[in-house]
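Report on the following structure.
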Amino acid sequence: MAETVQHETHGFQTEVKQLLQLMIHSLYSNKEIFLRELVSNAADAADKLRFKALSNNDLYEGDGELRVRLSFDKDAGTLTISDNGIGMNKDDVVKNLGTIAKSGTAEFFSQLSGDQAKDSSLIGQFGVGFYSAFIVADKVTVNTRAAGDDTSEGVQWVSEGEGEFSVATIEKENRGTEIILHLKDDEKEFLDAWRLRSIVTKYSDHISIPVELWKDEIPEQDGPDGEKTPAEPGKWEVANKATALWTRDKSEVSEDEYKEFYKHISHDFADPISWSHNKVEGKTEYTSLLYLPSKAPFDMWNREQKSGLKLYVQRVFIMDDAEQFMPTYLRFVKGLLDSNDLPLNVSREILQDNKITQAIRQGCTKRVLTMLERMAKNKPDDYKAFYAEFGNVLKEGPAEDFSNKDKIAALLRFASTHNDANDTDVSLSQYIERMKEGQDKIYYVTADSYQAARTSPHLEVFRKKGIEVLLLGERIDEWMMSHLTEFEEKSFQSVASADIDLSDLDDEETKKAKEEAEKAVEGVLERIKSALGDKVEEVKFTHRLTDSPAVIVASEDSMSTQMAKLLQSAGQEAPEPKYHFELNPEHNLVKLVADVQDEEQFSQWANVLFDQAALSEQGSLKDPANFVSNLNGLLAALAK
């Protein structure tokens, strides 16, 4: 290697420094994963070169046998992982090895506890990749050259995993990347061929290109019969099966191999919760290997984050994130597709419009939903854990995938008034089984949180009658319910709806009592409407309340409170909801207000009642100072 001709020093991104220190101290119990990560990266580099070479065969530079090689030098204390893949130029090196190009970084670090066991699992969820090298090395040297670049345009990256790294321009004859780990004194166990081979077999047996280890020469020796055994020269030996795992028969692939392959394609440390390996033959031929992760990544809600499946065509890697084969609401699914029907020079435009693509997408979607159905039925505890991580993403499904709306609805889980705690384990089928005689709707309430939903005044009459109500406390719930209109021929009904009517469940005695209660405070409705003016569209009596004096509900032709909040949180303008103000004629406070003769004091009472109801429904008031002023005025009058 020629002398360095250019040298620069850079500082690590702050998050990288934090991650390096955390990783070094938290992953000590599973140190060997560094080799899995580096070999996976090398295999990815080979895949990328194979794809680019489809349109430019010169990138192979006369060497089309792609491979990863492991070698070590016991005297120097170094372990080298090299590949002849796509390689990197200077910009690639600074970008890929000096920063963490992941969203959710701030959230990730905010969740760190200082507990090594807990933080170790978080690191796995966040992903470490190349940086895992510093678990065993106190210095890392990377020599690389991008395929197609001149030999004088090689790049050397060096760091000791502290605050800085240096980048230099070097002469590099071969394309690809060479990573030299200067192992710590207590990590010399990795300078052993048997140890390296066992790690490769354990973690990288599934990789479709050869992972080679150097076998030292064996000198001439005396045989048992006195004859000399011939010397064997040193050579590279393949340490893995080097066969694409998804091309093998399911019966030939062990559970551990499936798990390790998932970690290879996802760079997730945790095992998947389920997977499906399927070969489809007929009009459209393809193989799919789809995984359900056990933990959500930190960038799950980032709209800019790419998601999708790895796409292979006739076992040739095409792209990493082929989003066309999986709907957005299933973006948590990891895996790959290998199609025999798509052209090798496939483009994103072809993928978007191709009938074959549409057929594969439908097949993969059905496969994932079937996996979830089986898990929910056969492994309810696993499904509950899955839903806690990905349930809110699944809720996007009814709006996005009309053809599978019923299947998705059956997979949703809810908290309800029949639960003692915030357990989202009630299915819609279970709800329907528990419906009261004469009940023909599925009732639900939406709010800013589970607690707000559970204490909503809209629930009072439902609790009194023993009618179950689903409690929806996530921001996405209102949007989901605007697209989920019925399930098993039962329509959904918000308990905050203005036209809700439970009178069919009343007996004659109850109906008569309600009429008498309204008659006792007749006239109060017109006075309150006059006092509130255009704050409300209508004022009327309600018997949906038992403990609260009043409630506000959005009119049928108006946007709901929660939908307006959802749009505003997304930066969109939302029309002001039109409210009906409903009074409980049986409540003592309403009876008291009806008897107030002083119109100024009556107006204060009307506004206080309205603001109390608005606070309960909206969580905040537009004019809290006016509410306080009215309340203080009433308290002062009572004190006289």
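Here the sequence shown is numbered in the numbering used here, starting from 1369 and rising by one per residue. Ideal Cβ positions, reconstructed from N, Cα and C, are used throughout, including at glycine.
If you reduce the DSSP assignment to three classes, tell me which class LEU1660 lands in.
Within the sequence shown, residue 1660 is the residue found at index 292, counting from 1. In this structure, LEU1660 counts as strand in the three-state DSSP scheme.
Euclidean distance between Cα positions of TRP1582 and VAL1510
Here the question's residue 1582 lines up with position 214 in the sequence shown. Here the question's residue 1510 lines up with position 142 in the sequence shown. Rounded to the nearest angstrom, the two C-alpha atoms are 20 Å apart.
Using CA atoms only, rank isn't needed, just tell me which of LEU1977, HIS1851, THR1814, ARG1831 is closest to VAL1892.
Against the sequence shown, residue 1892 aligns to sequence position 524. Here the closest residue by C-alpha is LEU1977.
So who's on the other strand from GLU1344, going by DSSP bridges?
Missing from the structure shown is residue 1344; the chain here goes from 1369 to 2008 and no further.
Using CA atoms only, rank isn't needed, just tell me which of GLY1516, VAL1504, SER1450, ASP1415 is closest to LEU1327.
Here the chain has residues from 1369 to 2008 only, and residue 1327 is not among them.
What is the rounded straight-line gap between the Cα of GLY1492 and the Cα of ILE1724?
The residue you call residue 1492 lines up with position 124 of the sequence shown. The residue you call residue 1724 lines up with position 356 of the sequence shown. Bear in mind that the predicted position of GLY1492 carries a pLDDT of just 46, short of 50, making it unreliable; the figure below should be weighed with that in mind. The alpha-carbon atoms of GLY1492 and ILE1724 are separated by roughly 36 Å.
Would you tell me roughly how many angstroms separate the C-alpha atoms of VAL1837 and ALA1756, rounded to the nearest one?
The residue labelled residue 1837 in the question sits at position 469 within the sequence shown. The residue labelled residue 1756 in the question sits at position 388 within the sequence shown. Distance between the alpha carbons of VAL1837 and ALA1756: 20 Å.
GLY1834: buried (16+ other C-beta within 10 angstroms of its C-beta) or exposed?
Reading the sequence shown from its first residue, position 466 is the one you call residue 1834. With fewer than 16 Cβ atoms within 10 Å of its Cβ, GLY1834 is classed as exposed.
Classify ILE1896 as helix, strand or coil using the three-state DSSP reduction.
If you number the sequence shown from 1, residue 1896 lands on position 528. ILE1896: helix per DSSP, three-state reduction.
Spell out the partners DSSP gives ASN1511 in its beta bridges.
To locate residue 1511, count along the sequence shown from 1; it is residue 143. Per DSSP, GLN1524, GLU1546.
Start-to-end residues for the beta strand (DSSP E) that takes in HIS1645
As a working note, residue 1645 is residue 277 in the sequence shown. Unbroken beta strand (DSSP E) run through HIS1645: 1642-1648.
Does LEU1422 come out as helix, strand or coil in the three-state DSSP assignment?
By one-based count along the sequence shown, residue 1422 stands at place 54. Of the three classes helix, strand and coil, the one that applies to LEU1422 here is coil, per DSSP.
For MET1694 and ARG1729, believed in contact at Cβ under 8 Å, the rounded distance
By one-based count along the sequence shown, residue 1729 stands at place 361. By one-based count along the sequence shown, residue 1694 stands at place 326. Approximately 7 Å separates the beta-carbon atoms of ARG1729 and MET1694; this is inside 8 Å, confirming the contact.
Leaving out five residues on either side along the sequence, give the residues of the same chain with a beta carbon under 6 Å from the beta carbon of SER1634.
Within the sequence shown, the letter at position 266 stands for residue 1634. For SER1634, where only same-chain residues beyond five positions count, the Cβ hits under 6 Å are LYS1702.
Backbone CA spacing between ALA1778 and ALA1413 [nearest angstrom]
Within the sequence shown, numbered from 1, the residue matching residue 1778 stands at position 410. Within the sequence shown, numbered from 1, the residue matching residue 1413 stands at position 45. In a straight line, the C-alpha of ALA1778 is about 42 Å away from that of ALA1413.
Alpha carbon to alpha carbon, how far is GLU1620 from HIS1645?
In the sequence shown, residue 1620 corresponds to position 252, counting from 1. In the sequence shown, residue 1645 corresponds to position 277, counting from 1. So the two alpha carbons sit approximately 12 Å from each other.
Under three-state DSSP, which class holds GLN1589?
Translated into positions along the sequence shown, residue 1589 becomes position 221. Three-state DSSP puts GLN1589 in a strand.
Using the three-state DSSP reduction, which class does ASP1703 fall into: helix, strand or coil?
Here residue 1703 refers to the residue found at position 335 of the sequence shown. Residue identity check: residue 1703 is Gly in the sequence provided, not Asp. It is a strand residue.
Within this structure, are the beta carbons of THR1785 and PHE1830 separated by less than 8 Å?
Here residue 1785 is taken as the residue at index 417 of the sequence shown, counted from 1. Here residue 1830 is taken as the residue at index 462 of the sequence shown, counted from 1. The answer is yes: Cβ separation under 8 Å.
Is TRP1604 helix, strand or coil when you go by DSSP?
Looking up residue 1604 in the sequence shown gives position 236. The answer is strand: DSSP assigns TRP1604 an E or B state.
Which runs of the alpha helix (DSSP H) at least 4 residues long sit entirely within the stretch 1753-1830? Give them in chain order.
1765-1768, 1773-1779, 1796-1801, 1818-1822
Quick one: is THR1814 buried, meaning 16 or more other Cβ sit within 10 Å of its Cβ, or exposed?
Walking along the sequence shown from the start, residue 1814 turns up at place 446. It is buried - the Cβ of THR1814 has at least 16 other Cβ atoms within 10 Å.
If you check the beta carbons only, do TYR1697 and LEU1762 fall under 8 Å apart?
One-based indexing of the sequence shown puts residue 1697 at position 329. One-based indexing of the sequence shown puts residue 1762 at position 394. With a cutoff of 8 Å on beta-carbon distance, TYR1697 and LEU1762 are scored as near each other.
Starting from LYS1678, follow the beta strand (DSSP E) in both directions and report where the run begins and ends.
Counting from one through the sequence shown, the residue named residue 1678 turns up at place 310. Here the beta strand (DSSP E) through LYS1678 covers 1677-1681.
Going along the chain, which residues of its own chain have a beta-carbon closer than 6 Å to the beta-carbon of THR1655, five neighbours each way excluded?
Here residue 1655 refers to the residue found at position 287 of the sequence shown. So the list reads TRP1614, LYS1647, ASP1706, once near-sequence residues are dropped.
For the putative contact between PHE1700 and PRO1661, defined by C-beta atoms under 8 Å, what is the C-beta separation to the nearest angstrom?
Position 332 of the sequence shown, counted from the start, is the residue given in the question as residue 1700. Position 293 of the sequence shown, counted from the start, is the residue given in the question as residue 1661. Here PHE1700 really is in contact with PRO1661; their C-beta atoms are around 6 Å apart, less than 8 Å.
Tell me the residue span of the beta strand (DSSP E) that contains GLN1861.
Here residue 1861 refers to the residue found at position 493 when the sequence shown is read from its first residue. Run containing GLN1861: 1858-1862, per the beta strand (DSSP E) assignment.
In whole angstroms, what separates the C-alpha of LEU1999 from that of ALA1982?
Along the sequence shown, read from residue 1 onward, the residue named residue 1999 stands at position 631. Along the sequence shown, read from residue 1 onward, the residue named residue 1982 stands at position 614. If I take the Cα positions, the gap works out to 15 Å.
Can you tell me whether ARG1404 is buried or exposed? The criterion is at least 16 other CB atoms within 10 Å of its CB, across all chains shown.
Along the sequence shown, one-based indexing puts residue 1404 at 36. With 16 or more Cβ atoms within 10 Å of its Cβ, ARG1404 is classed as buried.
Do three or more CB pairs link the stretch 1498-1509 to the stretch 1547-1555 at distances below 8 Å?
yes
From the DSSP output, which residues share a beta bridge with HIS1378?
What you label residue 1378 is simply residue 10 of the sequence shown in a count that begins at 1. Looking at the DSSP assignment, HIS1378 forms a beta bridge with PHE1533.
How long is the line joining the alpha carbons of SER1971 and HIS1955, rounded to whole angstroms?
In the sequence shown, the residue the question calls residue 1971 occupies position 603. In the sequence shown, the residue the question calls residue 1955 occupies position 587. Roughly 18 Å separates the two Cα atoms.
Cβ neighbour criterion (16 or more within 10 Å) applied to GLN1980:
Translated into the one-based positions of the sequence shown, residue 1980 becomes position 612. Result: buried.
My output table needs one value for ASP1443: the three-state DSSP class, helix, strand or coil.
Counting from one through the sequence shown, the residue named residue 1443 turns up at place 75. Coil.
Strictly by DSSP, which residues pair up with LYS1583?
By 1-based counting over the sequence shown, the position of residue 1583 is 215. Answer is LYS1603, bridged to LYS1583.
DSSP state of GLU1555 mapped onto helix, strand, coil:
As a position in the sequence shown, residue 1555 is number 187, starting the count at 1. If DSSP states are grouped into helix, strand and coil, GLU1555 belongs with the helices.
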